[in-house]
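In the working numbering, the protein residues as written are 89 to 312.
Ideal placement from N, C-alpha and C gives every residue a C-beta, glycine not left out.
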Amino acid sequence: MIGTGVLKGMAVTAKNFVGSYFVKERLITVQYPEERETLPENYRNFPFLVYDNEPEAGLRCVACKICEKECPPQCIYIVKSDDKKPDYMGKPQFYPARFDIDISVCMSCQICVEVCPFEAIKMDKVYELSRRERFNALLMQKSELSKSNTYYHGIHPVEAAEVDAALAKAAAEAEAKKKAAAAAAAAKAAAAATAPAATPAAPPVTPPSKTEAEKPKPTGESST
Numbered sequence: 089m090i091g092t093g094v095l096k097g098m099a100v101t102a103k104n105f106v107g108s109y110f111v112k113e114r115l116i117t118v119q120y121p122e123e124r125e126t127l128p129e130n131y132r133n134f135p136f137l138v139y140d141n142e143p144e145a146g147l148r149c150v151a152c153k154i155c156e157k158e159c160p161p162q163c164i165y166i167v168k169s170d171d172k173k174p175d176y177m178g179k180p181q182f183y184p185a186r187f188d189i190d191i192s193v194c195m196s197c198q199i200c201v202e203v204c205p206f207e208a209i210k211m212d213k214v215y216e217l218s219r220r221e222r223f224n225a226l227l228m229q230k231s232e233l234s235k236s237n238t239y240y241h242g243i244h245p246v247e248a249a250e251v252d253a254a255l256a257k258a259a260a261e262a263e264a265k266k267k268a269a270a271a272a273a274a275a276k277a278a279a280a281a282t283a284p285a286a287t288p289a290a291p292p293v294t295p296p297s298k299t300e301a302e303k304p305k306p307t308g309e310s311s312t
């Protein structure tokens, strides 16, 4: 029958139209701010800095400035410290004396997260960041950017678990390497202590010199 396909299409459209008013899953309007949609895990807005245990001493950032160099809009500003602090593996590292991000310029590209070798900077889900002022109020400093690893697990649980596993593996490998080096040094010292004292070497033997009679004579000379 001619027009059956059109009628079927209109029936689907009418069903979706009516359902958009009565079916909760089909409602397209969210009554914000009373209602809020659950953001997906891979949602990203602006970066933040991750710390373990303590906001200052546990900050993962070592001020290597890779994110500052790779940032396309150049919205990250880092000042390296003069002293060092131990990182998660106990290795002395620099830390950012100052770390600022201008969110009025940031384009949420996540390149800073991709290039960070210390898993120190991640993307946040906070989007209610409107300010009355245009300039200084949009320049987020280290105190505002620093958030705990627990917070990171709350917004990106799968990714945070993978990062923690990778960091724990790296720390375990570094500890095992340190123990192996200490054991090798101890074994070498023990072997040197138990080895017998070396006897002095004998002087080299000098062969006796040939006498005048034993020396070969030149060709053509006859013996007397």
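Terminal residues of the beta strand (DSSP E) in which residue i lies
i, result
"Val251", "Where Val251 is concerned, there is no enclosing beta strand (DSSP E), although the alpha helix (DSSP H) it sits in stretches over 245-282."
"Lys210", "209-211"
Limits of the alpha helix (DSSP H) - the one that residue i falls within
i, result
"Ala230", "Per the sequence presented here, residue 230 reads as Lys, with Ala not at that position. Looking at the DSSP string, the run of the alpha helix (DSSP H) that includes Lys230 is 230-233."
"Val203", "199-203"
Selected residue, minimal CA-CA separation from residue i, among the options
i, options, result
"Val138", "Val246, Lys265, Glu232, Ala269", "Glu232"
"Cys159", "Phe136, Glu144, Lys168, Met195", "Met195"
"Pro205", "Leu127, Tyr240, Arg148", "Arg148"
"Thr126", "Ala262, Ile243, Ser108", "Ile243"
"Val167", "Ile154, Lys179, Gly178, Pro174", "Ile154"
"Glu144", "Ala185, Glu123, Pro180", "Ala185"
"Pro161", "Glu247, Gln198, Asp140, Lys213", "Gln198"
"Cys200", "His241, Glu156, Cys152", "Glu156"
"Val150", "Lys172, Glu142, Pro121, Glu129", "Lys172"
"Tyr215", "Met98, Arg124, Gly107", "Arg124"
"Tyr239", "Ala278, Leu217, Glu142", "Glu142"
"Gly146", "Tyr183, Leu217, Gln119, Gly97", "Tyr183"
"Glu129", "Pro245, Ile209, Ala260, Ala99", "Pro245"
Through-space distance from residue j to residue i, alpha-carbon basis
i, j, result
"Lys103", "Glu113", "14 Å"
"Phe105", "Leu95", "15 Å"
"Pro174", "Lys276", "29 Å"
"Ala262", "Thr282", "31 Å"
"Lys213", "Phe223", "22 Å"
"Ala249", "Tyr109", "40 Å"
"Lys266", "Glu247", "29 Å"
"His241", "Gly178", "23 Å"
"Ala274", "Ala268", "10 Å"
"Ser192", "Met211", "16 Å"
"Ile255", "Gln181", "The amino acid at residue 255 is misidentified as Ile; the sequence shows Leu. For Leu255 and Gln181, the distance between alpha carbons rounds to 16 Å."
"Gly91", "Val111", "29 Å"
"Tyr131", "Ala272", "49 Å"
"Thr101", "Ala258", "55 Å"
"Val203", "Asp170", "24 Å"
"Gly314", "Gly93", "Because the chain in this structure spans residues 89 to 312, residue 314 falls outside the shown range and cannot be described."
"Glu122", "Ile116", "15 Å"
"Ile209", "Glu221", "26 Å"
Beta-carbon contacts of residue i that lie in its chain and below 8 Å, excluding the five residues immediately before and after
i, result
"Ile189", "Phe134, Pro135, Cys163, Ile164, Tyr165, Leu227, Met228, Leu233"
"Glu207", "Val138, Arg148, Val251, Ala254, Leu255"
Own chain partners of residue i with C-beta closer than 6 Å, once the 5 adjacent residues on each side are dropped
i, result
"Lys230", "Phe187"
"Thr312", "The pLDDT assigned to Thr312 is 43, lower than 50, so where the model puts this residue is not dependable, and the model offers no usable value."
"Cys152", "none"
"Val118", "Glu125"
"Arg219", "Ala225, Leu226"
Residues near residue i by beta carbon distance below 7 Å, same chain, minus five either side
i, result
"Ser236", "Tyr139"
"Ala270", "none"
Chain B contact for residue i (CB, 8 Å cutoff)
i, result
"Asp252", "Given the protein chain composition of this structure (a single chain), no chain B is represented."
Extract the residue ranges of the beta strand (DSSP E) inside the region 111-194, only unbroken runs of 3 or more that lie entirely within it. 135-139, 164-168, 184-190
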